[in-house]
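For reference, the structure discussed in these notes is given below.
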Amino acid sequence: MRASKRIGQAREEHISGAETLCSKRRISSMAQAFVDRAITHPRGMPDRIVLTIEEVTTPVKVAPILPYTQAVCSDPASARSVAEERLRSIGISTKAIDAAFRILTARRQMRGAALVDAQRGTRLEPDRKRGVRASRLGMRPADCRRFIQQLDSAGINTDTVREAMMLASKIAAHPSILAELCISDDPDYTTGYVASESFGYVRLPNIKKAGSQHGGRVFLIRPGAGIPDIVTFLELTPVLLTMRRKSTPKNPESTR
Ligand code: PML
């Protein structure tokens with residue numbers, strides 16, 4: 049679902065978006081829930097709601113939801129130093145970390161995510177303007193209830209956190225994506241995260257100052273990995289997220 053509102057003649061403001069994977073039986077109720085969500089969003093009433101329902105014809109992969117922790121950071125500098133420490137701990141180079149922060153704090157708004165070589169810090173996505181969009185992910189209702197309970201008891205059960213954790217978990221499931229760094233592009237949302245299969249989903253409060261327009265997602269890629277395979281996985285491979293963990297961290301030394 050994508051909901052938006054026209055501003056003037058040429059611009060469209062994004063109001064909300066959501067997606068899921070579900071059985072045929074749940075199509076109507078999911079469609080209703082997404083429309084309800086679009087018309088009650090705090091960003092305002094959309095004037096356009098696009099609902100796309102597509103049959104899944106490729107095999108569905110299963111991946112666990114990453115465990116989460118929350119770092120204590122009082123400002124962007126301390127959030128950055130927590131992220132740097134985590135990324136270095138799995139062998140991401142300083143060059144690549146600096147490149148990721150440069151991309152995420154640049155004035156120009158990114159559309160999709162950037163792919164960055166975890167050693168050289170070079171950009172790898174085929175189309176820099178468009179970036180790469182992680183899509184086609186969902187959760188079974190029973191897992192979803194457990195997920196909500198877990199986040200509820202931590203006081204962080206919001207659409208934003210749920211969706212970010214699901215997205216990060218799909219992304220971390222690809223063997224050549226070593227880590228992700230995210231700063232929300234919502235000017236009022238100042239919590240970001242750094243995530244990987246090795247250290248889980250680490251929330252970074254105050255990673256940007258309220259009112260800042262910058263943000264986006266950077267995926268740090270194992271050197272030499274095949275980019276078309278990664279892009280196909282992110283954009284087209286359906287992944288069902290589960291609450292069960294299998295613990296096989298990627299080799300932390302492998303990018304050195
Ligand atoms: C969280 O609070 O854990 C989510 C942080 C990132 C949100 C990114 C987004 O705006 O989608």
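When we follow my numbering, the leftmost residue of the sequence shown carries the number 49, and every step to the right adds one.
All C-beta atoms in this analysis are idealised placements derived from N, C-alpha and C, irrespective of residue type, glycine included.
**Report entry** Residue from 233, 54, 145 whose Cα sits closest to the Cα of residue 258
**Finding:** That would be 233, whose Cα lies nearest to the Cα of residue 258.
Query raised in the report: Are residue 155 and residue 262 close, meaning C-beta to C-beta below 8 Å?
Result: Cβ atoms of residue 155 and residue 262: closer than 8 Å.
Query raised in the report: Three or more beta-carbon pairs under 8 Å between the stretch 87 to 104 and the stretch 208 to 220, yes or no?
Result: The stretch 87 to 104 makes no contact with the stretch 208 to 220: fewer than 3 CB pairs, one atom from each, lie closer than 8 Å.
Query raised in the report: So what's residue 141 in DSSP terms, helix, strand or just coil?
Result: Three-state DSSP puts residue 141 in coil, outside helix and strand.
Requested in this report: Whole angstroms is fine: what's the gap from residue 95's alpha carbon to residue 143's?
Outcome: Residue 95 and residue 143 have their C-alpha atoms roughly 43 Å apart.
Requested in this report: Taking all protein chains shown into account, decide if residue 164 is buried (16 or more other Cβ within 10 angstroms of its Cβ) or exposed.
Outcome: With 16 or more other CB atoms across the displayed protein chains lying within 10 angstroms of its CB, residue 164 is buried.
**Report entry** residue 53 - partner residues in DSSP beta bridges
**Finding:** Paired residues: 61.
Requested in this report: Examine the ligand PML and report whether any of its heavy atoms sits within less than 7 Å of the Cβ of residue 236.
Outcome: False, no ligand heavy atom lies under 7 Å from that Cβ.
Query raised in the report: Any heavy atom of the ligand PML within a distance shorter than 7 Å of the CB on residue 68?
Result: No; taking the cut-off as 7 Å, the Cβ of residue 68 has no heavy atom of the ligand PML nearer than that.
Report task. Please report how far the alpha carbon of residue 131 lies from the alpha carbon of residue 125, in whole angstroms. Result -> Between residue 131 and residue 125, the C-alpha separation is close to 10 Å.
Query raised in the report: Taking 7 Å as the cut-off, does the CB of residue 230 come closer than this to any heavy atom belonging to the ligand PML?
Result: Inclusion of residue 230 in the 7 Å shell around the ligand PML follows from its C-beta lying nearer than that to a non-hydrogen atom of the ligand.
Requested in this report: Less than 8 Å between the CB atoms is what I'm expecting for residue 219 and residue 225, so what's the real figure, rounded?
Outcome: Taking C-beta atoms under 8 Å as the contact rule, residue 219 and residue 225 qualify, at a distance of about 6 Å.
Query raised in the report: Out of curiosity, what's the CA-to-CA distance linking residue 265 and residue 190?
Result: Distance between the alpha carbons of residue 265 and residue 190 is about 29 Å.
Query raised in the report: Apart from the five residues on each side of it in sequence, which residues of its chain come closer than 8 Å, Cβ to Cβ, to residue 173?
Result: Counting only Cβ-Cβ distances below 8 Å, and skipping sequence neighbours, we find 160, 161, 162, 163, 179, 180, 275, 279.
Query raised in the report: Are the beta-carbon atoms belonging to residue 287 and residue 111 less than 8 Å from one another?
Result: Between residue 287 and residue 111, the C-beta gap is smaller than 8 Å, which places the two residues in contact.
Query raised in the report: Mind checking whether the beta-carbon of residue 248 lies closer than 7 Å to any heavy atom of the ligand PML?
Result: False, no ligand heavy atom lies under 7 Å from that Cβ.
Requested in this report: Could you have a look at residue 198 and say whether DSSP puts it in helix, strand or coil?
Outcome: In the three-state DSSP reduction, residue 198 falls in the helix class (H, G or I).
**Report entry** C-alpha distance - residue 176 paired with residue 137, whole-angstrom precision
**Finding:** Near 28 Å, if we compare the C-alpha coordinates of residue 137 and residue 176.
Requested in this report: Note down the Cα distance separating residue 171 from residue 73, rounded to an integer number of angstroms.
Outcome: Distance from the CA atom of residue 171 to the CA atom of residue 73, rounded to whole angstroms, is 42 Å.
Query raised in the report: Cα separation between residue 282 and residue 123?
Result: About 31 Å.
Query raised in the report: Quick one: is the Cβ of residue 240 within less than 7 Å of any heavy atom of the ligand PML?
Result: Yes - the ligand PML has a heavy atom lying nearer than 7 Å to the Cβ of residue 240.
Report task. Check whether the Cβ atoms of residue 114 and residue 242 sit closer than 8 Å, and answer yes or no. Result -> At least 8 Å separates the beta-carbon of residue 114 from that of residue 242.
Query - Three-state class that DSSP yields for residue 269 in the structure shown - result: The answer is strand: DSSP assigns residue 269 an E or B state.
Requested in this report: Name the one or two DSSP bridge partners that residue 248 has.
Outcome: In the DSSP output, where bridge partners are listed per residue, residue 248 has 244.
Query raised in the report: What are the partner residues of residue 112, as DSSP defines its beta bridges?
Result: In DSSP, residue 112 forms a bridge with 290.
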